[in-house]
Structures are given as C-alpha cells and as structure tokens.
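Structure first, commentary second.
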Amino acid sequence: MNISTAVAAPTMTPERQRSRRRARRRNAASAFLFLSPWLIGFGVFTAWPILYSAYLSLTDYDVINDPRFVGFENYAQLFEDPKIALAIGNTLLFTALQVPAYVIVSLMLALLLDRAGRSAGFFRTIFFLPKMTPPVAVGILFLLLFNGQNGLINTVLGWFGVAGPAWTTDPAWVKPGLILMSLWTVGASVIILLAALQDVPTELYESSKLDGAGFWRQSISVTLPMISPALFFIIVVNTIAGLQTFDEAYTAFFGSGNTTYSNDAALFYVIYLFQQAFEFLHMGYASAMAWILFAIIMAITAVQLIVSRRLVYYEGEAPK
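With the UniProt record's numbering as the guide, the letters of the sequence shown map in order to residues 1 to 320.
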C-alpha cells in the first residue's frame, strides 16, 4: 500500500463541505458588517470626492452654474499661469528646507530624551503638547513672535546686539520664519524616534564599545541604521505635509486680507489652490491643480521609496 495514501486525511463529506462554506460566508458577512461604517464613510467622504474632482478637472465649473465639459483645457492653462510656477517653487523650496530641519531637531531631542532617565516621561509630554495647538493659533502666534518691530524673537536677538530681520515683510525671511515656526510641532516625531531609539538592542552598543567605537561611530554605524525605518517614515510623512502646507501660512499672510505682507513669498501651492476654488470659484481649475499636486506627491514618494531600498535597514533583512 502507498504510504501517502495510508496517512492521507479522510475525504470530507459533502455535508461537511457545505457547513464550512456556510461558516465562511457568515464570517465574511460579519466582517463586512463591522467594516461597513468605515467603508461607507470612505466611499462618501473620500472615494467619491476624489472621483468627482477628476471629472470637475475636465470642466469649467463655478459652483453656481452646471459644470461645462472643456476637456484638458484646465491642465493646459496650468502651464500658462505664472503663479503656478511661483507656488510650486515656493512649496518645493519650503519642503526641501523644512523637512531636514524638522528631522534633525526631532532626532536631537529624541537623543536627549533617551538619556533623560526617569524624567523622560515628563519631557515627552511637554514636547508633544504643542502638537495639540490648532494651526490657526500657530499662524497668529507666528505674527506675534516674528513681528519685525516688536516681536519676541527680534527682542531676544536685540539683547545680544543682533538686529533681527523683518520676518513677515521681507520676502527673503518669510520662508525661514515659517520653517522655524513649524519646529513648534516636532513632538510627535520626537516620540516616534524615541521609541525607535529605545528599541535598539543594547548588545550592539556593547559590542561596538569593545571594538573601540566612540559616540559618533556608534551613532553612524549602530543608531542610524537601526532607527532608519522610523527616520524614513518621518521623512515621507513630513515631505507630504510640507507639500500640502496651508494652515499657518494662510492664517499669517492671507487670512486677514492684509496686502502689506509679502504674500508672494508665502504663496504655497495649496493656498493658491484654495484661492482658485473658494475665492475665485474656479472649481474646475482648482480640481486640475489638485490632481497635479497628487501626481507630484506620488512621484516624490516613489523616488523616496526607491532610495530607501538601499538606505533603510529592517531587522531580519540581510545587509545590502
């Protein structure tokens, strides 16, 4: 007798097969029932607006009258609008400067907290609290702190004999000021990096010390590779957030309608999109802008994912 035949499982009866199929259907129905609130919400508030905006991007729509199909006319107009190039340039420059500053400050604070001992919990809370501040309040706070005449930042610089710049009126200093203000909310990234630092095996540090590695060598050869997934996550998330910068800049430079500020220096892409959609009622043109922004974000994220294959180390993987 064939051994495999002797040890094979008994044939399942038709009744048992039907019972199993009914059980699988019941489990699937239960799963969809529990998921239905999310699925309905996703369909109504995310999937449908995305698809409808794709249609609107091919129309001339002013919210008041019915959409009029114009094909790719809105996309062609994007290449002729000088403010599109200005807004994209401002957004890319802001993101390229803000993301490295955000990551470096977050990492430095996380390293300090990692050595804080029992007080780390208190400081962790302190660092995270500013993240709870509404963005509109941050925009107003920006104007108060960075006012070129009597703002707190320039007042403190004056104590050291440094004449502070006109942060809110000089186009050269508008973006640096907004970048400094964005560091107000590094708390969430600090907590993520702190968790990654505390997850690094101590044996690696002990082995590197035996090999004569100092602090900097340990940081480069042990710490950074082991926390690279967390660093990569923060870089990707903050890059996407930087490309969608809106709240603080709009509140500080556009919300009050004050034209004395250097609005062109703070005209980010999403701000211009908002103006086209809700101030000028060019909803079709704004929808085309939104899809161009989506394409830009997807392209940049794809490049980051490709680069991460060589720079990001995941535990359990063979070294690249």
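From the three backbone atoms N, C-alpha and C, an ideal C-beta is built for every residue, glycine too.
Suppose you measure from the CA of residue i to the CA of residue j; what does that come to, to the nearest Å?
| i | j | result |
| --- | --- | --- |
| L243 | L97 | 12 Å |
| A116 | F128 | 16 Å |
| R217 | I292 | 43 Å |
| S36 | R22 | 21 Å |
| A47 | A87 | 27 Å |
| R25 | I126 | 50 Å |
| D247 | L281 | 20 Å |
| L39 | A28 | 14 Å |
| Y250 | G148 | 19 Å |
| T91 | E203 | 43 Å |
| L143 | G177 | 10 Å |
| R52 | N65 | Strictly speaking, residue 52 in this sequence is Tyr, with Arg absent from that position. Distance between the alpha carbons of Y52 and N65 is about 16 Å. |
| V63 | P82 | 24 Å |
| T155 | D114 | 33 Å |
| M226 | L107 | 13 Å |
| E279 | M132 | 29 Å |
| F69 | E80 | 20 Å |
| V303 | W167 | 33 Å |
| T260 | G158 | The pLDDT assigned to T260 is 45, lower than 50, so where the model puts this residue is not dependable; a value taken from the coordinates is nonetheless given after this. Approximately 24 Å between the Cα atoms of the pair. |
| A76 | Q275 | 19 Å |
| L109 | L224 | 15 Å |
| G71 | A295 | 18 Å |
| I306 | Q198 | 27 Å |
| F45 | L111 | 40 Å |
| M298 | S308 | 15 Å |
| F122 | F34 | 38 Å |
| V162 | L210 | 47 Å |
Excluding the 5 residues preceding and the 5 following residue i in the sequence, name in chain order all residues of the same chain whose CB lies nearer than 7 Å to its CB.
| i | result |
| --- | --- |
| A230 | I192, L193, A196 |
| S57 | N74, G284, S287, A288, W291 |
| A54 | W291 |
| P201 | none |
| V312 | S228, P229, F232 |
| T95 | T239, G242, L243 |
| L93 | K175 |
Which same chain residues, not among the five before or five after residue i, have their C-beta less than 8 Å away from its C-beta?
| i | result |
| --- | --- |
| L145 | G151, L152, I153, M181 |
| P14 | none |
| N263 | F253, F254 |
| Y205 | Q218, V222 |
| I179 | F94, L97, Q98, A101 |
| I140 | T251, A252 |
| A120 | L113, D114, L194 |
| Y314 | P229 |
| F32 | L39 |
Taking residue i and residue j to be in contact with their CB atoms under 8 Å, please state how far apart those CB atoms are, rounded to whole angstroms.
| i | j | result |
| --- | --- | --- |
| P49 | T59 | In fact, because the Cβ distance is near 15 Å, the residues do not count as touching under 8 Å. |
| P130 | G187 | 6 Å |
| S221 | S207 | Not a contact, Cβ separation roughly 11 Å. |
| P171 | A265 | 4 Å |
| S189 | Y102 | 7 Å |
| T301 | V236 | 6 Å |
8 Å is my cut-off, CB to CB: does residue i come that close to chain D?
| i | result |
| --- | --- |
| N65 | In the structure shown, chain D cannot be found, because there is only a single protein chain. |
Between the Cα of residue i and the Cα atoms of the options, which residue gives the shortest distance?
| i | options | result |
| --- | --- | --- |
| T185 | G255, I227, V99, I297 | V99 |
| A85 | A299, M289, F274 | M289 |
| I104 | I234, Q17, G161 | I234 |
| N238 | L183, D199, V138, L273 | L183 |
| Y61 | V44, F160, A137, A277 | A277 |
| L78 | S106, I140, Y272 | Y272 |
| V136 | F160, L305, T245, R20 | T245 |
To which residues of the same chain is residue i closer than 6 Å at the C-beta, ignoring the five residues directly before and after it?
| i | result |
| --- | --- |
| F42 | none |
| S30 | none |
>> Give the list of continuous alpha helix (DSSP H) stretches no shorter than 4 residues that lie fully inside the region 148 to 220.
In response: 152 to 159, 171 to 182, 187 to 198, 202 to 210, 215 to 218
>> Threshold first: 4 residues or longer. Then list the alpha helix (DSSP H) segments lying entirely within the region 102 to 140, N to C.
In response: 120 to 128
> Going along the chain, which unbroken runs of the beta strand (DSSP E) with 3 or more residues stay wholly within the region 52 to 112?
Replying inline: none
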